[in-house]
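Here the structure is laid out as structure tokens; the discussion comes afterwards.
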Amino acid sequence: MSPFILNTWYVAACDDEVGEEALFARRLLDQPVLLYRTGHGEPVAMLDRCPHRFAYLSKGRRIGDEVECLYHGLRFGPDGLCTRSPYQKTPPARARVRSFPVVERHRLIWIWMGDPERADPALIPDHSHLDDESLRPLVWHVAFDGNWQLGNDNLMELTHLFWLHTSTIGGWKPDAGATPGETYHARVEEGRVHSRTFVPNITRPPVFDNGVPAGQPFDQWNDTEWVAPANMTFTMGAVPVGAPAVTNRPYMVQSHCITPETATRSHYFSGLARIFQRDGGPEVDARLIAFFKGIFEREDGPIMADVQEQMGDADLFDLDPLILPRDAGAILARRMVAQRLAEEAGAEAKEKGIAGIGEVQV
Amino acid sequence: MSPFILNTWYVAACDDEVGEEALFARRLLDQPVLLYRTGHGEPVAMLDRCPHRFAYLSKGRRIGDEVECLYHGLRFGPDGLCTRSPYQKTPPARARVRSFPVVERHRLIWIWMGDPERADPALIPDHSHLDDESLRPLVWHVAFDGNWQLGNDNLMELTHLFWLHTSTIGGWKPDAGATPGETYHARVEEGRVHSRTFVPNITRPPVFDNGVPAGQPFDQWNDTEWVAPANMTFTMGAVPVGAPAVTNRPYMVQSHCITPETATRSHYFSGLARIFQRDGGPEVDARLIAFFKGIFEREDGPIMADVQEQMGDADLFDLDPLILPRDAGAILARRMVAQRLAEEAGAEAKEKGIAGIGEVQV
Amino acid sequence: MSPFILNTWYVAACDDEVGEEALFARRLLDQPVLLYRTGHGEPVAMLDRCPHRFAYLSKGRRIGDEVECLYHGLRFGPDGLCTRSPYQKTPPARARVRSFPVVERHRLIWIWMGDPERADPALIPDHSHLDDESLRPLVWHVAFDGNWQLGNDNLMELTHLFWLHTSTIGGWKPDAGATPGETYHARVEEGRVHSRTFVPNITRPPVFDNGVPAGQPFDQWNDTEWVAPANMTFTMGAVPVGAPAVTNRPYMVQSHCITPETATRSHYFSGLARIFQRDGGPEVDARLIAFFKGIFEREDGPIMADVQEQMGDADLFDLDPLILPRDAGAILARRMVAQRLAEEAGAEAKEKGIAGIGEVQV
């Protein structure tokens, strides 16, 4: 069974990673992918492998909107078709590279690596908070050495904030777990996992301005909404103690999107919209990105690498992990992923006349 | 078949490697192990893996005699039981880490990674010469890139002293093999391999003071006693020419204990008791450790890594090696190890209703 | 099926790589090989592995024409027979290392690693242009990270000169493929692949003096003659426009010989005889070697490593590559190699009573 869901949109890159001129290479779902932009700025994605002798096209050169292989000079257009073969008047009909549907949306470039017929842009998850310029949205990328589902596990189980991130974003709540009145709920609704944590009457201020005057006690809430395979919207808000926990007044909305690089290494794309520090210009923006990126690189990334090392290629559930109450969101996500993987394997199996989905053990 | 004997004591660490405060991590028998000492100085060993999401506990922090996981804050006592789970009043009953029996003896910390019911401290091999303060005992650790049995092969076949170690401890006998009257015997007795080399009438002095006045000819003898899986006591003595080779007057007793790290990398723990250079204080002790450690790191370790590379994962006997007379001790040890491995596999196999030990090919 | 043809001559080293004194180690066909010269300068090759405990003999020391193992002192003669075993009057009869037939010819040391009975020096491919001192022949060695057949593919498909090597040896022909009258032919004759490229009426001079007065238009031709497993003779010539393309007046003859190091790493041995820059002495020779070596190291080597990475351990044809007209020579060579591999596997299979060659799928 493939370790990846194929028929879905994945983030391939942040918008500013793919420039106007350069050829950009990234491994996604264990396949080499070439990304670039046409002269009109449209993103293009194709398999980063010449069909002749398999050189990386990303090491070739751009000629207008086309790419020329550095090994023997074959040229390909944005649709992957060969436009020129040296020493032949017409390139052979089968000279083509697989191209992938791509859509640029919400500051991110999305790619569909499954059946192209099913690549409906309406299926791209909503991260429209990253389009709201008044919230000065930011996007960034970090890779980590772990299976992509470890990213789901990590980002869906936020008690780790108060242990793993004590010195950065989690240190303001030393009594984590013992706050009177604290609640946590997780549920599945319309194919999404929703979880909410509510912590009443916090007196110590959070890392960033949360909209409640400094020093004043507040109620803190955060919601995580997850949709397969690995798209999370994390919304954090605060209200004066006892006020309704209105979800339409968050002080920060963060996007987390994971794309497999290989079975044991992953890309983490994140985006942030916020009400704080919006007026500092590019310098403050850069500092915020460095802050969040640094946390992931120095705290989350290494521990996921450790977990990957400990798990090897075993399935999480086969290792009989201890399940804690706050794991509910992550476990619900794991189950939905397993279901999707089984469906894709089942469809594939049926075509081959082997086992159907009903027989797949998840 | 496991490449390791499980139901036996192994050295996990030298006593001074596991300090009062720090958490100490070491891979043993291809499992991550956490070692530390309680406030009373008692050594503790447990699997270095949180049962929740498999973080290394050794990367967490100590809270009194307990260990707190850095990922989500679970706490475990010296017996491996979870003592605190954030967000739960009582930790789940199954929240526990596997702990291992450990005993500190002869300046070494011994671990039993097989069936804990069988962990009888009386089975710990005798290295009591390391307890004799009058012999100023030393212990040290070096790792090498080779299967643990290559350590047995190396340390049981001491003719290599005169070839591999010509520039350090073996160079004083350039006519090795041609000394008139030299004898070598190896035998099995009470589950141990004993070998003795006797070289009469040596005129050139050895590296260290051997108790015979310098310049005076002497008879040199050395005994190696081996017990499974990889414990060796190497005793070296000298007497004036023709005097009885009394074994109770050695000038140096060295312990060699090998513990597998993985199937292809091993820990070598050594200890030394001696009559020479006992009055130089810590500085001379440190120099002696550096001397012996350096020999192993620069001469034995690299050649075992080479041999491992050449052998791959093949069994020694399957490679049809040339057997020399002086290999007797090493071969006897290999056979006893093979027998022990087969016994453990046989027991396991029987439980599974497969092959019994009688059918195992060694 | 072995990835290597066994019953054939391979280049083991350039003549000047194996000096008078030193032991020289090189991995060939995934076996460690020791090379050295006797006192008479005769090259010797044997398995670089002591039959006792598998140390690398190349790490031992020379004693006259013999080699002494550094681990336990066994000594072996040039024929691989053990001449001395410490602690034994006579070495055991089976104490021997496999030796390999070697022949020094055409500035190269050739080795036969298959059945020694079939090692006929008459089968060594002709590279006698490297013996013609008037053409000031040069030889050199470079390794690359790719299967040895990628070397054939690369060196048989010379259109890559004008794409991969634009900044070095191929840059003088920017209109590659569009030259009016250009022809290419490939054919098999007497077990060899011959290919010829002819480009008429070139006005821009090549990198090196081609014998036609500078600035004068000329017709350029090059021939490649390939013989299994990976021996190529590349002959390049030029004549004034319209003159017969006489093949006996080349301005440069280059040898390319590939020897597998492992299945995914290879040795490239090259030699050059030329009419240009013959009078500059050793300094110019060294500059020429650095020039050609550098091209291979910086341009060919990296792209073959990329191709290897993309292909993994798949067979080229299983990947359904696009075939271009100029691939004819390389494809013919691939087919002949497949045939040879099948023959050797078939012979082997027959002995084992399994499949014969008729059933081997190539």
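Residue numbers (the numbering used here), protein chains in the order written: chain G, 9 to 370; chain L, 9 to 370; chain R, 9 to 370. Ideal Cβ placement from N, Cα and C applies to all residues, glycine included.
- Under the three-state reduction of DSSP, ARG334 (chain G) is assigned to helix.
- Among the residues facing chain R, THR167 (chain L) is included, as its CB has a counterpart in that chain under 8 angstroms away.
- Sequence-distant partners of THR243 (chain R) (beyond 5 residues in either direction) whose C-beta falls short of 6 angstroms from its own C-beta, in its chain, are ASP231, PRO258 and VAL261.
- Within a 10 Å sphere around the beta-carbon of GLN285 (chain R) sit fewer than 16 other beta-carbons, which makes this residue exposed.
- Proximity of ILE311 (chain R) to chain G, defined by a Cβ-Cβ separation below 8 angstroms, is satisfied.
- Residue contact with chain G for PRO59 (chain L): present (Cβ-Cβ distance below 8 angstroms to some residue of chain G).
- By the 16-neighbour rule on beta-carbons within 10 angstroms, SER175 (chain G) is exposed.
- The C-alpha of PHE226 (chain L) is placed about 7 angstroms away from the C-alpha of VAL220 (chain L).
- Close to SER66 (chain R), with beta-carbon spacing below 9 angstroms, lies no residue of chain L; the smallest spacing is near 10 angstroms.
- About 7 angstroms separates the beta carbons of ALA151 (chain L) and TYR276 (chain L), which is inside the 8 angstroms limit, making them a contact pair.
- In its chain, beyond the 5 residues on either side, PHE206, GLY245 and ALA253 have a beta carbon closer than 6 angstroms to the beta carbon of TRP229 (chain L).
- Annotated as distal: MET54 (chain R) and ALA353 (chain R), with beta-carbon spacing of 8 angstroms or more.
- Here ASP335 (chain L) is buried: its Cβ has 16 or more other Cβ atoms, across all protein chains shown, within 10 Å.
- For the C-beta of ASP323 (chain G), not a single chain L residue is nearer than 9 angstroms; the gap to the nearest is close to 13 angstroms.
- What PHE62 (chain G) touches in chain R, judged by beta-carbon distance under 8 angstroms, is ASP314, VAL315, GLN318, MET319, LEU327 and PRO329, going in chain order.
- Counting of Cβ neighbours within 10 angstroms places ASN160 (chain R) among the buried residues, the total reaching 16 or more.
- Below the 8 angstroms Cβ cutoff, chain R contributes no neighbours of GLY122 (chain G), its closest Cβ being approximately 21 angstroms away.
- Using a CB distance below 8 angstroms, the part of the region 96-122 of chain G facing chain R consists of GLN96, PRO100, ARG102 and ALA103, ordered along the chain.
- As DSSP reads the structure, MET244 (chain G) sits in a beta bridge with G:ASN230 and G:MET260.
- The beta-carbon separation of ARG115 (chain R) and GLY279 (chain R), rounded to 6 angstroms, stays under the 8 angstroms limit for a contact.
- For PRO252 (chain L), there are no C-beta contacts with chain R under 7 angstroms, since the nearest C-beta of that chain is about 25 angstroms from it.
- Judged by DSSP secondary structure, LEU163 (chain G) falls within the alpha helix (DSSP H) whose first and last residues are 156-164.
- Looking at G:ILE117, G:PHE216, G:GLY49 and G:ILE303, the one whose alpha-carbon comes closest to that of ARG34 (chain G) is G:ILE117.
- Following the DSSP letters along the chain, one finds MET121 (chain L) in no alpha helix (DSSP H), marked with neither H nor E.
- The region 319-337 of chain L makes no contact with the region 129-148 of chain L, as fewer than three CB pairs between them are under 8 angstroms.
- Beyond the five residues adjoining it in sequence on each side, PHE304 (chain R) comes within less than 8 angstroms, by CB distance, of VAL150, PHE152, TYR276 and SER278 in the same chain, given in chain order.
- When DSSP reads this structure, CYS22 (chain G) sits in a beta bridge with G:LEU116.
- Between TRP17 (chain G) and GLU269 (chain G), the alpha-carbon positions lie close to 14 angstroms from each other.
- Among the CB atoms of chain R, none fall inside 8 angstroms of the CB of TRP234 (chain L).
- Against chain L, a Cβ distance below 9 angstroms from PRO248 (chain R) picks out nothing, because the smallest value is about 58 angstroms.
- Under a 10 Å Cβ-count criterion, HIS48 (chain L) is classified as exposed, with fewer than 16 other Cβ atoms of the shown protein chains found around its own Cβ.
- For GLY189 (chain L), no beta strand (DSSP E) run applies, since DSSP gives it neither H nor E.
- Boundaries of the beta strand (DSSP E) harbouring GLN39 (chain G): 39-45, taken from the DSSP string.
- In terms of Cα proximity to LYS67 (chain G), the closest of G:GLN39, G:GLN157 and G:ALA30 is G:ALA30.
- With respect to chain G, the C-beta atom of LEU146 (chain L) has no partner C-beta closer than 8 angstroms.
- The beta carbons of ARG102 (chain L) and LEU330 (chain G) sit closer together than 8 angstroms.
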